[in-house]
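A.B. asks:
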Amino acid sequence: MNNGLLTDYCGPAALLQNHEEQRIEALHSYNLLDTPPEPAFDDLALLVTEICQAPIAIVSLMDQDRQWFKARIGLTFSQTPREVSFCDHTLRQKDGLLVVPDAMRDARFEHNPLVTGETGIRAYAGVSLVTASGQAIGTLCALDTSPRDFSPAQCHALRTLSRQVMAQMDLKRLLAEQQQLLTEQARAAEALRESEARFRSTFDQAAIGMGIASPDGRFIEVNAALCHFLGYSEATLLEMTVHQVSVAEDNDKNSRLRQAALNAAAAGEGSRTYRMEKRYRRSDGQIVWGELSGTAVFSSGKPLYAIGQIQDITERKQSEERLAHLMRSARCLLWSAIAWEVEDGGIRWESLHLDDEAGQRFLPLPPIPGRSYFERAYLQRHPEDRKRTDQYFRQKIHQDESFSQEFRCQGSDGEWHWLYETFHLERIDETHWRVVGVVTDITDLKRATEELQNSEERLRALTQFSPDMITILEGEGSVRFQTGATSAVLGYSQTDLIGQNALDYLHPEDRAEVTQVLLDLVSGESQVQTKAFRVRHADGSWRWLEAVGNNQMENPAIRGIVLNSRDITARKEAEEALRRSIGLLQAVMEGTDDAIFVKDRQGRYLMLNTAGTRMIGAGVLEGAGQEVVFASESERAAFLPESDRCVLETGSVQTYEETAASGGAAARTYLTTKAPYRDAEGNIVGVLGISRDITEHKRLQGQIAQQEKLASLGGLVAGVAHEINNPLAVISGQAQLLQMSSDAQIRADGTAIREMAQRAARIMDSLRSYARPAGLAGSSRGNICDLNHVVHSSLDVIAHKLRNFEVDLKMELSEDLPPIPMDTGEIEQVIVNLLSNAGDALRTRPIGTREVRIKTSLDQAGRTVLLSITDNGPGMTEAVKTRIFDPFFTTKDTGEGTGLGMYISYGIVAAHGGTITVETREGGGAAFRVRLPLPANKSAPPR
1 MNNGLLTDYC GPAALLQNHE EQRIEALHSY NLLDTPPEPA FDDLALLVTE
51 ICQAPIAIVS LMDQDRQWFK ARIGLTFSQT PREVSFCDHT LRQKDGLLVV
101 PDAMRDARFE HNPLVTGETG IRAYAGVSLV TASGQAIGTL CALDTSPRDF
151 SPAQCHALRT LSRQVMAQMD LKRLLAEQQQ LLTEQARAAE ALRESEARFR
201 STFDQAAIGM GIASPDGRFI EVNAALCHFL GYSEATLLEM TVHQVSVAED
251 NDKNSRLRQA ALNAAAAGEG SRTYRMEKRY RRSDGQIVWG ELSGTAVFSS
301 GKPLYAIGQI QDITERKQSE ERLAHLMRSA RCLLWSAIAW EVEDGGIRWE
351 SLHLDDEAGQ RFLPLPPIPG RSYFERAYLQ RHPEDRKRTD QYFRQKIHQD
401 ESFSQEFRCQ GSDGEWHWLY ETFHLERIDE THWRVVGVVT DITDLKRATE
451 ELQNSEERLR ALTQFSPDMI TILEGEGSVR FQTGATSAVL GYSQTDLIGQ
501 NALDYLHPED RAEVTQVLLD LVSGESQVQT KAFRVRHADG SWRWLEAVGN
551 NQMENPAIRG IVLNSRDITA RKEAEEALRR SIGLLQAVME GTDDAIFVKD
601 RQGRYLMLNT AGTRMIGAGV LEGAGQEVVF ASESERAAFL PESDRCVLET
651 GSVQTYEETA ASGGAAARTY LTTKAPYRDA EGNIVGVLGI SRDITEHKRL
701 QGQIAQQEKL ASLGGLVAGV AHEINNPLAV ISGQAQLLQM SSDAQIRADG
751 TAIREMAQRA ARIMDSLRSY ARPAGLAGSS RGNICDLNHV VHSSLDVIAH
801 KLRNFEVDLK MELSEDLPPI PMDTGEIEQV IVNLLSNAGD ALRTRPIGTR
851 EVRIKTSLDQ AGRTVLLSIT DNGPGMTEAV KTRIFDPFFT TKDTGEGTGL
901 GMYISYGIVA AHGGTITVET REGGGAAFRV RLPLPANKSA PPR
């Protein structure tokens, strides 16, 4: 039907109900639009046609701008625009029923293309399909192409069946929802199992201590690392509480932090994780330090348990204590090293307890005559620092207090040294103060600090502008630090992933391997690992990263696994595209029977497909990659084929035919095309070639040419034979009259003339037979005959000749040959001709050695019957073999043959749809093989 007619119709638009959006939503909830037909709905539509005696019935679903038929009987199209729909009017009926006895007499439908067009709807009865929520989403209706009414019983049946349609729809939706629920439950269960397995693996194999404790502090689970840290067995720890293994002074702080985190998390105001450094008491009484990271797990607003991770920081704490002790010792040592005194209202510096020798040991200064070391030290201060020192001192001179500062002092080496001084003022009288202080050389510290700042700036610049991501992971996989490159690579901000488990963002297929790599790094089995894997981008897609992981758990500044990750998505996509291209190229190369090869400039084969290996031989690849040096250009020319040299020197494409033999097999003909093989810079570095075996094609071309030649010659011969027969008939008649003469000589002449005429007539008969096979109108080739029977009948004709030549005839006739369609007379003529020629060929052999073999059989495929006639005569040369089926070609002496026998035999076999071939070599006999096809619907009998 022409749906364009329906689309162009501009009839009255159906009024939308007040709740159209809810109606469309209810319709779409069933997910039935554009689904395949279903028997449940088709059966109900068919039942409607039987009850209402109508040719058309549909189950219609009314979408926003179209009506679509879930089931239809009598219609070829599956939907119409809503604006031409009868059913749209049905939806607006209060009782849900619409009956139209004659649409041509109804103003609503008289111009409707469904009425005026090819469909020709004249009568309609429809009932709304109403959901449980009262939404009319479609109709069940019957339609007729003739005006008619629908009985109350039929309308009642429509209402009943419409409820059945809704019941089927509700059932289908319920089953779909149940299936979706089961699928989601299975997916959730699988995710839970994976999560539990992942957590269990991480928990058990983590290199840091991990434990799970109840709200009252009792251990529920502990891992091996925590047992090692605390010195208890797993069984012992599971009978203890967190408080029992903690130092009492730290328990209160631990409890306060934990409770504060729980309260904030319960109120939705803070994190459920808290951190602190605390002391633990091992089983042997030793005090150890641990960095605790605790996370509370809630259910229905109540804490179920807490997961704690404890990192051993004992060595770090001990190092910090040793450093603090050294710093305290240094300060005590320096307090009594230097002193100043202020008097006379001005500032005059003198050293009370520091001589030049001690000062020079501290910081060598250039000599200044008449000045003490301490005065020189003041004068050698940087001008800016000296001014600042005087100003600061005058501000503090009336206050008994301490102050400190950093300043620069120029030593005798001309370099500026950074010093740190701390002073304490003591009033002596109204005009005198004593300043006691300590000075420390902090030049190395300043340089180290500056270098550290520069290093941090460089690192910050590298991490800010580097396209690679740097990540620090905790032992269980959670992210502690992430550089800004995360935004460019994965679409997350620098802080989005902090605290998240990086393993949760891995592709499911990569998660197990990456988890094992992380475990190997944490356990110390490997210090550095490189791995490629997929990570979920913020937009939901997957990105390939290549990461180098480094175990820095023992580095106190890091204490984690450092990952340097690079986005290799483009590289992976390129590799995949290259793999597909290589696979496609490989499939093309290996899927062809043509030889495809690549040779270098020395003529060595670099690549050869399977077909080329069969054609040329695998050994040609053995010298690939080895340097070939030619002593002269003539030696190179002799080694390289002319076609290769032409391609390499001119860059042109060469196409030619060549004949070659491989592995001792017979020579075959190939069509070869060679083109220049270039490198990325366009230089010719070799030859790319394709060779196709066209031996069979050439043979078929020769056969076609032979058949065309024979057909043309046959027409000519037939015409010549016809024209010669007329004068021969006159000559023969006149010769008969001469035979009736009373003169003996005339009668003898008449007899001779008539014999020559008869011989000419026989030649003409042969010529007509020669022309007949290609187009014999009344042929009996359709008769089903037994080839063995034809062989025996042929022997009856030719046996006497073979006996005269004393030929030993041997036969091997298959007993299970199926009968085949043939003209027995024509096939007998072929067999007699072949046997006669074999007898003639054997006359040159000694008596007692002459032999002819006749054999019939089925070929291996079982689709042709094979007749073989073989003799052990002198055979024939290649030149004779080439022309053996040409007309008028004969090897017999003049007057012994017409040269038409083999030609006619060839035409007869070809007319039967078969083939005749000869295998021979000079001095080795000849074997003629005739293949005749089985009938199209006939297979070989079982053997």
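Using the numbering used here, the first residue of the sequence shown is number 1, and each one after it goes up by one.
Every residue, glycine too, gets a C-beta built ideally from N, C-alpha and C.
These numbers come from a predicted model, not from an experiment.
1. Which of the three DSSP states, helix, strand or coil, is assigned to E755?
2. Which residue marks the beginning of the alpha helix (DSSP H) containing G907, and which one marks its end?
3. Roughly how many whole angstroms lie between the Cα atoms of S565 and T471?
4. Rounded to whole angstroms, how far is the Cβ of L230 from the Cβ of L238, which I believe are closer than 8 Å?
5. Since A680 contacts R668 with CB under 8 Å, what's their CB separation in whole angstroms?
6. For R534, tell me which candidate among S643, N837 and P508 has the shortest Cα-Cα distance.
7. Consider the C-beta atom of E851 and the heavy atoms of the ligand COA; say whether any pair is separated by less than 7 Å.
8. In the DSSP assignment, what are the bridge partners of Q79?
9. For G549, which of I568, L519 and D539 has the nearest alpha-carbon?
10. Determine the burial state of L945: buried for a count of at least 16 other Cβ atoms within 10 Å of its Cβ, exposed for fewer.
11. Are the CB atoms of F889 and G899 nearer to each other than 8 Å?
12. Of all the options G901, P887, E878 and A910, which has the alpha carbon lying nearest to the alpha carbon of E922?
13. Please report the Cβ distance between W68 and L33, rounded to the nearest whole angstrom; I am assuming they are in contact, meaning their Cβ atoms lie under 8 Å.
14. DSSP three-state call for D43: helix, strand or coil?
15. Assuming I831 is part of the alpha helix (DSSP H), what are its boundary residues?
16. Tell me the DSSP bridge mates of Q410?
17. Which of the three DSSP states, helix, strand or coil, is assigned to T443?
18. In chain order, what residues of the same chain have a beta carbon less than 6 Å from the beta carbon of G775, not counting five sequence neighbours either side?
19. What's the gap between the Cα of L716 and the Cα of E723?
20. To the nearest angstrom, how far is it from the Cα of Y656 to the Cα of I704?
21. Strictly by DSSP, which residues pair up with Y670?
22. Given a threshold of 16 other Cβ atoms within 10 Å of its Cβ, counted over all protein chains shown, does P980 qualify as buried or as exposed?
23. Return the CA-CA distance between L867 and L802, expressed in angstroms with no decimal places.
24. From which residue to which residue does the alpha helix (DSSP H) around M589 run?
25. Any idea if S412 is buried or exposed, counting beta-carbon neighbours within 10 angstroms, 16 or more meaning buried?
26. Do you know how far the Cα of A136 is from the Cα of Q970?
27. Can you name the residues that DSSP bridges to N251?
28. Let me know the secondary structure DSSP gives N804 once reduced to three states.
29. Would DSSP call Y305 helix, strand or coil?
30. With a Cβ-Cβ cutoff of 8 Å, do A965 and Y305 count as a contact?
31. Is L158 closer than 8 Å to A125 when the C-beta atoms are compared?
32. Throw me the rounded Cβ distance for the G138 and S60 pair, which I believe falls under 8 Å.
33. Along the chain, where does the alpha helix (DSSP H) that runs through Q516 open and close?
34. Give me the residue from T891, F885 and I904 with the minimum Cα distance to V918.
35. Within the continuous alpha helix (DSSP H) that includes Q22, where are the two ends?
36. So, are the CB atoms of P821 and N788 less than 8 Å apart?
C.D. replies: Straight from the coordinates:
1. E755: helix per DSSP, three-state reduction.
2. First-last of the alpha helix (DSSP H) with G907: G901 to A911.
3. So the alpha carbons of these two residues sit roughly 8 Å apart.
4. 12 Å between Cβ atoms; not a contact.
5. In this structure A680 does not touch R668 by the C-beta definition: roughly 37 Å separates them, more than the 8 Å allowed.
6. Closest by C-alpha distance to R534, out of S643, N837 and P508, is P508.
7. Among the components of this structure there are no ligands whatsoever, and the ligand COA is therefore not found.
8. Looking at the DSSP assignment, Q79 forms a beta bridge with W68.
9. Minimum Cα distance to G549 is reached at L519.
10. This structure cannot settle anything about residue 945, because the visible part of the chain is limited to 1 through 943.
11. Yes, they are a contact pair.
12. With distances taken between Cα atoms, E922 lies closest to E878.
13. Right, the Cβ-Cβ distance comes to about 6 Å (below 8 Å), so this counts as a contact.
14. Secondary structure of D43 (DSSP, three-state): helix.
15. T824 to A841 is the extent of the alpha helix (DSSP H) around I831.
16. Paired residues: W416.
17. DSSP places T443 in the helix class (H, G or I) of the three-state scheme.
18. Its pLDDT being 42, under 50, G775 is placed unreliably by the model, and nothing is read from it.
19. Straight-line measurement puts the Cα of E723 at about 11 Å from the Cα of L716.
20. Cα to Cα, the separation comes out at about 22 Å.
21. DSSP, once it has assigned bridges, lists E658 and D693 as partnering Y670.
22. Past the edges of the chain, shown from 1 to 943, lies residue 980, and the structure says nothing about it.
23. A straight line joining the alpha-carbon of L867 with that of L802 spans about 19 Å.
24. T569 to E590 is the extent of the alpha helix (DSSP H) around M589.
25. It is exposed - the Cβ of S412 has fewer than 16 other Cβ atoms within 10 Å.
26. The structure shown does not extend to residue 970, since the chain is modelled only from 1 to 943, so the question has no answer here.
27. DSSP output for N251 lists no bridge partner at all.
28. Note: N804 maps to helix in three-state DSSP.
29. DSSP, reduced to helix, strand and coil, places Y305 within a strand of the structure shown.
30. The requested residue 965 is not part of the displayed model; the chain covers only 1 to 943.
31. Taking 8 Å as the Cβ cut-off, A125 and L158 qualify as a contacting pair.
32. G138 to S60, Cβ: 5 Å. Contact.
33. Taken as a continuous stretch (DSSP letters only), the alpha helix (DSSP H) holding Q516 covers P508 to S523.
34. With distances taken between Cα atoms, V918 lies closest to F885.
35. From DSSP, the alpha helix (DSSP H) with Q22 extends over E20 to H28.
36. Going by C-beta atoms, P821 is not nearer than 8 Å to N788.
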